[in-house]
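Q: Residue numbers (the numbering used here): 92 to 288.
Think of the CB as a built atom: it goes at the ideal place given N, C-alpha and C, for glycine as much as any other residue.
Here it is: the structure, laid out below.
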């Protein structure tokens with residue numbers, strides 16, 4: 092977690108240094124993220140609960156699009172189990188804008204970076220991540236824009252280690268879980284206001 096925080100702070104400081112004269116676009120998002128599951132020793136799978144998520148993008152305009160950083164956080168747990176999961180993404184992203192009217196725009200983009208999967212059943216919590224996203228924006232003014240997007244997030248996860256879980260039965264049965272593959276897909280919907288600074 093500390094490494095992710097250092098990346099974010101470092102990226103913000105570098106971005107602020109290079110962009111003292113440039114326009115910066117800051118978009119806090121409120122969203123909903125779902126996807127991902129684990130398996131136990133008996134082959135049973137348990138989904139990660141879809142939950143509310145929070146995200147922040149800090150970007151700069153470039154030609155007909157934008158480049159910048161994207162951070163996302165989701166706190167959730169496994170369905171039918173009491174194991175918690177906090178999932179963080181930090182990515183460098185780029186997008187292209189497609190104006191459809193004076194105030195409306197659509198956009199498409201890609202992101203690459205890292206993830207921090209804070210769960211108690213893995214040893215390696217850091218992994219490579221990628222994303223693809225599409226969105227729609229409505230410009231209220233030169234400084235404020237409503238921004239809605241759909242995003243696919245994929246990350247490498249540690250499926251070599253296992254951890255204990257407690258089944259929701261009356262006899263307190265124990266189980267052993269792990270990610271069932273080395274790649275986890277999640278899908279996210281976000282809505283936020285973009286502020287031009």
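Tell me whether the beta-carbon of residue 279 lies closer than 9 Å to the beta-carbon of residue 151.
A: The residue you call residue 279 lines up with position 188 of the chain shown. The residue you call residue 151 lines up with position 60 of the chain shown. Result no, Cβ atoms of residue 279 and residue 151 do not sit closer than 9 Å.
Q: Just checking my contact of residue 211 with residue 254 at CB under 8 Å: how many whole Å lie between their CB atoms?
A: Taking the chain shown and counting its residues from 1, the one referred to as residue 211 is at position 120. Taking the chain shown and counting its residues from 1, the one referred to as residue 254 is at position 163. Contact holds; Cβ gap of about 5 Å.
Q: For residue 171, count neighbouring Cβ atoms within 10 angstroms of its own Cβ and tell me buried if that reaches 16, exposed if not.
A: By one-based count along the chain shown, residue 171 stands at place 80. By the neighbour-count rule (16 or more Cβ atoms within 10 Å), residue 171 is not buried but exposed.
Q: Which value, in whole angstroms, describes the spacing of the CA atoms of residue 286 and residue 224?
A: Working through the chain shown from its first residue, we reach residue 286 at position 195. Working through the chain shown from its first residue, we reach residue 224 at position 133. Looking at the two C-alpha atoms, the distance is approximately 19 Å.
Q: Mind checking who residue 135 pairs with in its DSSP beta bridge?
A: Position 44 of the chain shown, counted from the first residue, corresponds to residue 135. The partner list for residue 135 (beta bridge, DSSP) is empty, contrary to what the question assumes.
Q: Do residue 202 and residue 220 count as a contact pair if the criterion is CB distance below 9 Å?
A: Walking along the chain shown from the start, residue 220 turns up at place 129. Walking along the chain shown from the start, residue 202 turns up at place 111. Yes, the Cβ-Cβ distance between residue 220 and residue 202 is below 9 Å.
Q: Buried or exposed: residue 120, going by 16 or more other Cβ atoms within 10 Å of its Cβ?
A: For the purposes of this step, residue 120 is identified with residue 29 of the chain shown, where counting begins at 1. When all chains shown are included, residue 120 counts as buried.
Q: Answer with buried or exposed for residue 153, where buried requires no fewer than 16 other C-beta atoms within 10 angstroms of its C-beta.
A: Here the question's residue 153 lines up with position 62 in the chain shown. It is exposed - the Cβ of residue 153 has fewer than 16 other Cβ atoms within 10 Å.
Q: So what does residue 281 bridge to, in DSSP terms?
A: Translated into the one-based positions of the chain shown, residue 281 becomes position 190. According to DSSP, which records beta bridges pairwise, residue 281 is partnered with 122, 240.
Q: Just to confirm the assignment, what range does the beta strand (DSSP E) spanning residue 167 have?
A: In the chain shown, the residue the question calls residue 167 occupies position 76. Here the beta strand (DSSP E) through residue 167 covers 156-168.
Q: Return the first residue and the last residue of the beta strand (DSSP E) that residue 227 is part of.
A: Here residue 227 is taken as the residue at index 136 of the chain shown, counted from 1. Element bounds for residue 227: 217-230.
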